[in-house]
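Protein chains in written order, with our numbering: chain A, 1 to 278; chain B, 1001 to 1283.
C-beta atoms are modelled at their ideal positions from N, C-alpha and C, and glycine is treated no differently.
Note that the coordinates shown come from a computational prediction; the quantities given were computed from them, not determined experimentally.
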Amino acid sequence: MAEDKIFSLRDVAFSYPGNDEPAISGITMDINVGWWVAIVGDNGSGKSTLAKLLNALLIPTRGVCFVLGRDTKDLDVQWDIRRDVCMVFQNPENQIVASVVEEEVAFGPENLGLPSQDIVSRVRWALEVTGLSEFAKKPTYALSGGQKQRLALAGALAMRPKCIVLDEATSMLDPEGRKELTDVLKKLHNEGMTVVTITHRTEELLLSDHVAVLSKGRLAFYGKLDELLSGSTLSKLGIKEPSSFRLWRLLKNKGLIDGNVLPRAEDMAENLVEKICL
Amino acid sequence: MSLEVCNVSYTYHKDTPLETKSLNDVSFHVEPGEWVAVVGHTGSGKTTLAQMLNGLIFPSSGEVIVDGLKLYPKAPHLKSVRRKVGLAFQYPEHQLFAETVLDELMFAPRNFGMPEDEAMAHIKKILKAFELDEKILLKNPFDLSGGQKRKVALASIVVMKPVYLVLDEPTAGLDWKGQEMLLSMLKTFKDNGTGIIQITHDIEMVLDNCDKLLVLEDGRRRSWGPPAHVVEELADRPAKGLVFPDVLEMSLSLRRAGLNVSLTWSEEKLVKDIEKEVFSCPS
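Here is the structure:
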């Protein structure tokens, strides 16, 4: 197997105990190191189940899931896998355990039994990346929603993971908090981090380079973002197109914006202004 | 006939250290067959306002008048006004309590003394409008899916044939298909002459549907009128907590850059305007 694959799933199915119907089934997909993959789908389509399979929180009931070449079924490597692939969940309150910001970030590395200098440098780095350095000594309850979610991310980053999986991590945040979090993710991704985001907000697809669409537990689409945006793939998949996508299609069909512009309001506006005002 | 809110203010915990002004001099009105959307940030006073419209709480100052009848504590006409103004709280399905859907839907008609056969005929009509099978009447409401529960809960309010229907975040927790279904249902009620007051924080959802918009900001009326007028008013200084739709946001930034396009949230219109701009270029 090539080294650059971080996840490799083969015909994976998972059924929750006491449930005959599998939550997901027949999933075969590869994710390369450094990709940003968005997983989308309706309520109950199996998004969260898939995410938890990626860091061995759940083990496939059929098929295999490899993380950097290691089978998640193998008990001996499960801790390593969870260290390499860290998760951030919807509600940061459920994930924050310490009462002071820097203690929260230090919790993971301390559990690894690292020397204290290493812990200090990891905490410093994680707080810096997430823009929380000034809050290091603050109580965790005093943070805003967006700051708390960045703190949850900082806690994950202190484990020095190879991949971050975010399960609806922006859904409880207001527009500002959402931007704060996605800005940090963009930065990490540019530095080579693999990112997997689970979302039901179609707008957030635009941050990713690959998209997996789940429908009733099956992989209805998996491919590059441009592929998903071209033609009528979205409507065929039963996904509501955001109005900015429809606008983007109209503008592109009429040749009013360049082909490489993404369907984001600010990108399209910038391109138009450039073209018309020159 | 109309539901009028005149210069209404409301203060919680008046004359205590916890005193907070929730509404401050708010006025608007809605007529039967008209759809008014009330939008605003969390804590802007939307829900307080909703509760005032059928006399659950009364203004600290100002007046609420329903078809000529002013609302005040222990007013003799309060019961008839509550029948006229149906109020659906956020997550109305949390209020389901009966053992069968039929009992649930019959609860209000029985309480208000509507003859059983008249109520039954009306219930059948409502089920049709809500695209629910009559078989559902014998089911336990708690065995229904989330979307069906929401429909039954709303049906139990509509069954009293309210002249005005006040809905607090009626689409909360529904996926987009559920949202669209609900909006088209509200449109049917509007077309049949019901006055709709929809409370939401999502301005994009209501721009195309409502006749008038009331925008609240920190308990005050920030803007009021037809959507186009409201959008114009908010263009330079957006209201707290309101996110404009992408298309509208884009028409705003193009205008700021000096392009001559209209302030619009319709993709087609914006594209047309952009085309015009391109072809009028001297180059």
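Helix, strand or coil for residue i? Go by DSSP, reduced to three states.
i               : result
residue 1030(B) : strand
residue 1265(B) : coil
residue 4(A)    : coil
residue 1083(B) : helix
residue 1272(B) : helix
residue 94(A)   : helix
residue 261(A)  : coil
residue 109(A)  : helix
residue 139(A)  : strand
residue 1244(B) : coil
residue 1152(B) : helix
residue 20(A)   : coil
residue 1253(B) : helix
residue 1159(B) : coil
residue 1020(B) : strand
residue 32(A)   : strand
residue 66(A)   : strand
residue 1058(B) : coil
residue 269(A)  : helix
residue 71(A)   : strand
Going by DSSP, what residues sit across from residue i in a beta bridge?
i               : result
residue 166(A)  : 88(A) and 197(A)
residue 12(A)   : 27(A)
residue 1224(B) : 1214(B)
residue 210(A)  : 37(A) and 224(A)
residue 215(A)  : 218(A)
residue 1070(B) : 1065(B)
How big is the Cα-Cα spacing for residue i and residue j?
i               : j               : result
residue 1208(B) : residue 1226(B) : 11 Å
residue 2(A)    : residue 80(A)   : Note on residue 2(A): pLDDT 46, under 50, position unreliable in the model; no value is reported.
residue 1274(B) : residue 102(A)  : 51 Å
residue 1141(B) : residue 84(A)   : 46 Å
residue 217(A)  : residue 200(A)  : 15 Å
residue 188(A)  : residue 220(A)  : 28 Å
residue 1260(B) : residue 273(A)  : 11 Å
residue 1205(B) : residue 111(A)  : 47 Å
residue 1270(B) : residue 1251(B) : 7 Å
residue 235(A)  : residue 227(A)  : 13 Å
residue 1075(B) : residue 1172(B) : 33 Å
residue 59(A)   : residue 14(A)   : 8 Å
residue 1036(B) : residue 1199(B) : 9 Å
residue 1232(B) : residue 1179(B) : 27 Å
residue 47(A)   : residue 213(A)  : 9 Å
residue 40(A)   : residue 202(A)  : 8 Å
residue 170(A)  : residue 5(A)    : 27 Å
residue 1120(B) : residue 1106(B) : 8 Å
residue 86(A)   : residue 159(A)  : 8 Å
residue 120(A)  : residue 136(A)  : 12 Å
Can you tell me which of the options puts its alpha carbon nearest to the alpha carbon of residue i?
i               : options                               : result
residue 35(A)   : 185(A), 170(A) and 201(A)             : 185(A)
residue 1066(B) : 1091(B), 1119(B) and 1081(B)          : 1081(B)
residue 19(A)   : 220(A), 104(A), 57(A) and 61(A)       : 61(A)
residue 1005(B) : 1061(B), 1276(B), 1044(B) and 1173(B) : 1061(B)
residue 1174(B) : 1077(B), 1049(B), 1092(B) and 1027(B) : 1092(B)
residue 33(A)   : 58(A), 131(A), 190(A) and 124(A)      : 190(A)
residue 157(A)  : 126(A), 131(A), 182(A) and 183(A)     : 126(A)
residue 1257(B) : 91(A), 275(A) and 243(A)              : 275(A)
residue 29(A)   : 238(A), 12(A), 55(A) and 21(A)        : 12(A)
residue 1085(B) : 1218(B), 1238(B), 1159(B) and 1134(B) : 1159(B)
residue 1129(B) : 1151(B), 1146(B), 1113(B) and 1143(B) : 1151(B)
residue 138(A)  : 9(A), 177(A) and 98(A)                : 98(A)
residue 162(A)  : 232(A), 54(A), 266(A) and 262(A)      : 54(A)
residue 57(A)   : 71(A), 44(A) and 246(A)               : 71(A)
residue 1104(B) : 1191(B), 1089(B), 1149(B) and 1190(B) : 1149(B)
residue 140(A)  : 167(A), 152(A), 63(A) and 31(A)       : 152(A)
residue 1169(B) : 1043(B), 1047(B) and 1008(B)          : 1047(B)
Taking the continuous beta strand (DSSP E) assigned at residue i, which residues delimit it?
i               : result
residue 1007(B) : 1003–1012
residue 1063(B) : 1061–1066
residue 179(A)  : That residue, residue 179(A), is in no beta strand (DSSP E); its alpha helix (DSSP H) goes 175–190.
residue 37(A)   : 36–40
residue 59(A)   : Element bounds for residue 59(A): n/a, residue is neither H nor E.
residue 1165(B) : 1164–1168
residue 1037(B) : 1035–1040
residue 1200(B) : 1195–1200
What is the residue span of the alpha helix (DSSP H) that residue i lies within?
i               : result
residue 1108(B) : 1101–1111
residue 1178(B) : 1176–1191
residue 150(A)  : 145–157
residue 1122(B) : 1116–1129
residue 117(A)  : 116–129
residue 1050(B) : 1046–1053
residue 1205(B) : 1203–1207
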